[in-house]
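>
Residue numbers (our numbering): 1 to 97.
(1) Indicate the three-state DSSP secondary structure (helix, strand or coil) for residue 31 in the structure shown.
(2) Which whole-angstrom value is the C-beta distance of residue 45 and residue 32, which I expect to be below 8 Å?
(3) Check whether the Cβ atoms of residue 35 and residue 8 sit closer than 8 Å, and answer yes or no.
(4) List the endpoints of the continuous alpha helix (DSSP H) containing residue 50.
(5) Nearest-angstrom Cα distance between residue 27 and residue 53?
(6) Buried or exposed: which applies to residue 42, given that a residue is buried once 16 or more other Cβ atoms fall within 10 Å of its Cβ?
What follows is the structure in structure tokens.
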């Protein structure tokens with residue numbers, strides 16, 4: 001268990017390093033990659049929004065962030081008939097918009 005926790009701590013640092021330039025480019029200051037030391041639970045937190053990322057690669061976490069940014073930018077705009085499919089394909093968990 002201790003080895004797994006160390007792996008998650010290292011992954012957290014790598015994820016934060018990978019998403020930092022994206023967050024800075026879009027003016028996102030309040031973000032973190034939270035890990036649960038009690039078990040395998042990883043969450044990308046952007047403000048008050050939490051996105052489940054357990055067992056995701058760093059690339060997949062970046063895709064989740066991109067999906068969040070896309071939905072945030074398109075808030076209030078119509079995605080037309082493809083709205084449900086678009087949101088589903090982004091696989092954003094905890095989408096509150």
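Glycine included, C-beta positions come from ideal geometry on N, C-alpha and C. Just so it is clear, the structure is predicted and the values come from calculations on it, not from any experiment.
Taking the geometry as given:
(1) Residue mapping note: residue 31 aligns to position 31 of the chain shown, counting from 1. If DSSP states are grouped into helix, strand and coil, residue 31 belongs with the strands.
(2) As a first step, residue 45 is located in the chain shown; it is residue number 45 there, counting from the start. As a first step, residue 32 is located in the chain shown; it is residue number 32 there, counting from the start. Confirmed, Cβ separation roughly 5 Å.
(3) Position 35 of the chain shown, counted from the start, is the residue given in the question as residue 35. Position 8 of the chain shown, counted from the start, is the residue given in the question as residue 8. Yes, the Cβ-Cβ distance between residue 35 and residue 8 is below 8 Å.
(4) Residue numbering aside, residue 50 sits at position 50 when the chain shown is read from its first letter. Premise fails: residue 50 lies in the beta strand (DSSP E), 49 to 52, not in any alpha helix (DSSP H).
(5) Translated into the one-based positions of the chain shown, residue 27 becomes position 27. Translated into the one-based positions of the chain shown, residue 53 becomes position 53. Whole-angstrom Cα-Cα distance: 22 Å.
(6) On the chain shown, position 42 is the one that residue 42 refers to. Label assigned to residue 42: buried.
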